[in-house]
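Structure first, then comments.
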Amino acid sequence: MTEFWEIVIAFFLIISGIFGFVGSFGMIKLKDPMSRLHAPTKATTLGVGGVLIASILHSLALEHRLSLHELLITLFLFLTAPVTALFIAKWHIHRHETPESLPDAGEDGKWATHAVPPEEDAPDQTAT
1 MTEFWEIVIA
11 FFLIISGIFG
21 FVGSFGMIKL
31 KDPMSRLHAP
41 TKATTLGVGG
51 VLIASILHSL
61 ALEHRLSLHE
71 LLITLFLFLT
81 APVTALFIAK
91 WHIHRHETPE
101 SLPDAGEDGK
111 WATHAVPPEE
121 DAPDQTAT
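Quick look at the structure:
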């Protein structure tokens with residue numbers, strides 16, 4: 001029975017290695033930052049997830065104990081990857097786009113990243 005679990009664990013490690021390689025290769029080959037968003041947030045997250053699944057299976061099936069470290073790492077990964085992608089996307093918008101080059105924002109007509117108040121509407125900073 002241990003040979004079965006070793007094959008399953010090896011499968012998850014190989015799959016996660018492939019996803020990790022694809023994510024790393026995408027970071028190198030994709031041209032602009034908006035395209036590069038998908039490499040670390042999609043493929044590499046799946047790669048790390050495969051390693052964590054293999055580690056959970058190893059601790060349960062071969063060591064006969066439950067380890068919660070992998071679950072904490074997974075939680076941290078799934079919380080930080082979208083935040084990182086958001087920061088990269090906002091950086092790209094601020095650095096490379098103008099309000100005129102962005103698509104229609106909808107009813108209010110303003111994008112949150114470019115909603116800078118005009119000088120006359122800005123609150124007076126000198127009054128105390």
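Heads up: the sequence shown begins at 1 in full-length UniProt numbering, then just goes up one per residue. For glycine and all other residues, C-beta sits at the position ideal for the given N, C-alpha and C.
Among the options, which has the Cα closest to the Cα of residue i?
{"i": "I14", "options": "H69, P40, L52", "result": "L52"}
{"i": "E21", "options": "F4, P40, M34", "result": "For the sequence presented, residue 21 should be read as Phe rather than Glu. Comparing Cα-Cα distances from F21 to each of F4, P40, M34, the minimum goes to P40."}
{"i": "F87", "options": "R36, A43, I56", "result": "R36"}
What does a CB cutoff of less than 7 Å around residue i pick up in its chain, not counting 5 residues either side in sequence?
{"i": "L46", "result": "F19"}
{"i": "I73", "result": "L52"}
Going by beta-carbon coordinates alone, are residue i and residue j separated by less than 8 Å?
{"i": "M34", "j": "H94", "result": "no"}
{"i": "A43", "j": "G26", "result": "yes"}
{"i": "L66", "j": "L60", "result": "yes"}
{"i": "F12", "j": "A54", "result": "yes"}
What are the start and end residues of each continuous alpha helix (DSSP H) run of 4 or more residues lying completely inside the stretch 1–36, in chain order? 2–29, 33–36
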